[in-house]
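In structure tokens form, the structure reads like this:
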């Protein structure tokens, strides 16, 4: 059984980024990422902090904008508009989830699609479906694809089952696996699918992205399958100082022995998400500067 | 075995259209469709003729614009631009395939997405993925969904296999079946999939959209499956005056006896495509007139 180490693969992605940043800087371009946080959700604060820290470590420009939880839609739109115009910023993301008074879809639409490094703007959704490489691929599925490649897993002709149909992971993951450069046979299964265990057991490659702790059991997985666990769930654990531990959508201990390869949680897909965000920001910087 | 009669279902869709057109006209809106044909491809001439004729039968306004095969990209863009501005026109389509000097993707992008009744503009592609009902769904997959509904076939939890991953049928069909109002488990299989017969045999509902005459044989289909045959292939037939006959992607004679329900070719999906085009044009007329 091969443990696919997301920290190692993410580090190599970040190393690629470092080289590309050096080359961009030689051409007078310092890639810049703006991260907007509305409110004080503790998990969001951690994510935003990691993103800004990674930018700093790579020598990228970053701007962290923290707005009060009472921020109005109009105020947030004004911030996005200003970032759209700011030539030192190539990537913009508004950390999810925003407070309830914010209409997130409208905010995403307001981001200049050329700076939409999360890949959630409709223009980038369409580019993904149309296999247009100038679009931005959402970071988590992009990172999952990269993990497969790094582990030497061939997708061509493979039976892939994507468990979950979210706009952030399930649907874009299915599109990536179906694209001509991956050529997988793709099944999307979800909460309304009949006999999920049997469906999942058919997978050569199983992508679990449902957000339910340890839902995928040993009898859901074919002997010799590859499992990518996208879930990052907090479950109560009194033995931890934080009061919780992180677990994936896969019951790792019982599933791992059956697998050809599997990603752990934490340390699997998680570290890839930030790394792919950095890669997207460099793509934005290149494209906005006419360098690619 | 139930034969799903596309002519009957299309007629009922057109009857709905007739009622809606009457209601729109009462409100001072006559729905209008512009069809642009570049060159003299005989099949395209037939398709364009049918579309314009259907408009006339329904009492809709239509405009047929025939341009020489030598038309330049700039000339075609100018025609599209004029139609975008024409308030008597609510739907615009440029018949495919255009001559080789035309860059079709750019033409599609130039059509006002609010008038893109073919549903090929990136904005409508994204709306389909995002399940936004203000978008236009491509006519052939929309018609296939309507055939399933008319035949009383439940998609909820059903195992659907879509054979083919084109932007015109396969991918949008997969999105429609996966959407929350259909809730199917969806597999997209294609030329690079391993063991297509076995994959297809798992389907409760099989959608064949590969454009290969009679590719799907009896042993590709599970006993009691529902089969939607999207293929419309011309095969040489000296016994016909035209020199060819139409056949689907499914070997109908051997497959039909195994099916719970199946669409014939011709007379299945084909008639639905024009009917759904009319429906899309009415949706455009409503939306552009602020009536929905």
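Protein chains in written order, with the numbering used here: chain Y, 1 to 292; chain C, 1001 to 1292. Built from N, CA and C at the ideal position, the CB exists for glycine as well. Predicted model, so just to flag it, every value in this text is computed and none were measured.
Partner residues on chain Y for residue i, Cβ-Cβ distance less than 7 Å
{"i": "residue 1197 of chain C", "result": "None at all; the shortest Cβ gap to chain Y is about 13 Å."}
Neighbour list for residue i in chain Y, Cβ cutoff strictly below 8 Å
{"i": "residue 1157 of chain C", "result": "192, 193 and 194"}
Contacts of residue i in chain C (Cβ-Cβ under 7 Å)
{"i": "residue 167 of chain Y", "result": "1130"}
Under 8 Å from the C-beta of residue i: neighbouring residues of chain C
{"i": "residue 122 of chain Y", "result": "1122, 1123, 1126, 1127 and 1130"}
Proximal residues to residue i (C-beta, below 6 Å), its chain only, five neighbours per side dropped
{"i": "residue 332 of chain Y", "result": "In the structure as shown, chain Y begins at 1 and stops at 292. Residue 332 of chain Y is therefore absent and cannot be evaluated."}
{"i": "residue 1174 of chain C", "result": "1162, 1186 and 1188"}
{"i": "residue 1089 of chain C", "result": "1032, 1034 and 1083"}
{"i": "residue 294 of chain Y", "result": "Outside the shown range of chain Y (1 to 292) lies residue 294 of chain Y, about which nothing can therefore be said."}
{"i": "residue 207 of chain Y", "result": "162, 173 and 228"}
{"i": "residue 169 of chain Y", "result": "140, 141, 209 and 230"}
{"i": "residue 240 of chain Y", "result": "none"}
{"i": "residue 1178 of chain C", "result": "1186"}
{"i": "residue 1248 of chain C", "result": "1229, 1231 and 1265"}
{"i": "residue 1233 of chain C", "result": "1213 and 1247"}
{"i": "residue 286 of chain Y", "result": "292"}
{"i": "residue 1055 of chain C", "result": "1033 and 1062"}
{"i": "residue 1064 of chain C", "result": "1035 and 1052"}
{"i": "residue 20 of chain Y", "result": "282"}
{"i": "residue 1119 of chain C", "result": "1136, 1137 and 1138"}
{"i": "residue 1132 of chain C", "result": "none"}
Interface flag, residue i vs chain B, CB-CB below 9 Å
{"i": "residue 1265 of chain C", "result": "Reference to chain B is not applicable here, since the protein chains of this structure are Y and C."}
Same chain only: Cβ atoms within 8 Å of residue i, ignoring 5 sequence neighbours per side
{"i": "residue 76 of chain Y", "result": "36, 38, 67, 94, 98, 102 and 107"}
{"i": "residue 1018 of chain C", "result": "1058 and 1059"}
{"i": "residue 261 of chain Y", "result": "1, 2, 3, 4, 151, 153, 226 and 227"}
{"i": "residue 1069 of chain C", "result": "1038, 1039, 1040 and 1099"}
{"i": "residue 1184 of chain C", "result": "1155, 1156, 1157, 1158, 1159, 1160, 1177, 1178 and 1205"}
{"i": "residue 12 of chain Y", "result": "150"}
{"i": "residue 1219 of chain C", "result": "1197 and 1201"}
The ligand ADP heavy atom lying under 8 Å from the CB of residue i
{"i": "residue 1008 of chain C", "result": "With respect to small molecules bound, the structure shown includes none, and the ligand ADP cannot be examined in it."}
Sequence-distant residues of its chain with Cβ nearer than 7 Å to residue i (five each side left out)
{"i": "residue 1257 of chain C", "result": "1001"}
{"i": "residue 6 of chain Y", "result": "147, 263, 267, 268, 269, 270, 271 and 272"}
{"i": "residue 1113 of chain C", "result": "1121, 1123 and 1124"}
{"i": "residue 235 of chain Y", "result": "213, 244, 245 and 247"}
{"i": "residue 1027 of chain C", "result": "1291"}
- Query: Which of the residues in the region 169-193 of chain Y, read from start to end, lie with their CB under 7 Å from any CB of chain C?
  - Reply: For chain C, the residues of the region 169-193 of chain Y that bring a beta carbon within less than 7 Å of one of its beta carbons are 171, 178, 183, 185, 186, 187, 188, 189, 192 and 193, in chain order.
- Item | Contiguous beta strand (DSSP E) assignments of at least 3 residues, all confined to the region 1054-1131 of chain C | The region 1054-1131 of chain C contains these whole beta strand (DSSP E) runs: 1061-1067 and 1091-1094.
- Message: Please give me, in chain order, every unbroken run of the alpha helix (DSSP H) with length at least 4 that falls completely inside the region 1207-1276 of chain C.
- Response: Listed in chain order, the complete alpha helix (DSSP H) runs (minimum 4 residues) inside the region 1207-1276 of chain C are 1252-1255.
- Item | Segments assigned beta strand (DSSP E), at least 3 residues, entirely inside the region 1142-1218 of chain C | Correct list: 1159-1163, 1185-1189 and 1205-1208.
- Task: Just list the alpha helix (DSSP H) runs in the region 4-33 of chain Y, keeping only unbroken ones of 4 residues or longer that don't cross its boundaries, in chain order.
- Result: Segments of the alpha helix (DSSP H) lying fully in the region 4-33 of chain Y: 6-26.
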